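The opening residue of the sequence shown carries number 130 in the working numbering; numbering runs sequentially from there. Report on one structure; see the data block that follows.
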Amino acid sequence: MSEAAAYFRAKLNFEIDVMDVHTGLPAGEFVLVDTRRHASWEHGHVPGALHLPTAQIPDQAAVLIPAGTPVVVYSWGPGCNGSTFAALAFAELGYPVREMIGGIEYWARNGLPVETSDGVTAASTDPLVTAD
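As structure tokens, then:
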């Protein structure tokens with residue numbers, strides 16, 4: 130296997146796209162963790178996600194998520210590496226972890242539901258990011 134093939138094969142083991150998260154979350158395949166700060170969580174998050182900011186992962190993960198449970202983390206979007214730091218924190222604790230590529234930005238741009246204190250809504254899909 131070429132070096133490039135090995136890299137991309139490994140990368141796919143640690144990333145998941147928003148549509149696969151949308152399918153896997155209701156099936157209970159993993160715990161979805163929003164790693165952003167409180168204000169960002171309040172602004173909108175994936176329904177069913179657990180809010181655990183990156184800085185709190187070392188102290189709170191084991192309290193909230195049983196050891197060995199698969200975890201998927203997300204943050205704002207592709208211009209933010211917050212979920213990468215969160216994934217590292219979970220990995221260092223021994224959790225199987227994947228990063229939701231695109232973050233909440235691409236979740237919303239795909240027209241998927243977003244929850245706020247006002248309830249759950251979904252925006253129109255962005256034709257630049259949808260495959261339909």
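Note that CB positions come from ideal geometry on N, CA and C, so glycine has one too. All values derive from a computational prediction rather than experimental measurement.
Taking the CB atoms as reference points, tell me whether residue i and residue j lie closer together than 9 Å.
| i | j | result |
| --- | --- | --- |
| V150 | W205 | no |
| A196 | G153 | no |
| I233 | G173 | yes |
Grab the span of the alpha helix (DSSP H) containing residue i for me, first residue to last.
| i | result |
| --- | --- |
| V192 | 186-193 |
| D149 | 147-153 |
According to DSSP, which residues form a beta bridge with residue i?
| i | result |
| --- | --- |
| G248 | T245 |
| M229 | I145 |
| Y203 | D163 |
| L179 | V162 |
| H174 | E244 |
So for residue i, helix, strand or coil by DSSP?
| i | result |
| --- | --- |
| E144 | strand |
| R166 | coil |
| S212 | helix |
| Y136 | helix |
| L222 | coil |
| A196 | coil |
| A156 | coil |
Could you tell me if the beta carbon of residue i falls within a distance shorter than 8 Å of some heavy atom in the ligand MN?
| i | result |
| --- | --- |
| W236 | As far as ligands go, the structure on display features none, and thus does not contain the ligand MN. |
Subject >> Segment contact flag, the region 212-225 with the region 237-248, C-beta cutoff 8 Å, min 3 pairs >> reply: no
Original post:
Is the region 192-209 touching the region 161-168 in the sense that three or more CB pairs, one from each, lie closer than 8 Å?
Top reply: yes
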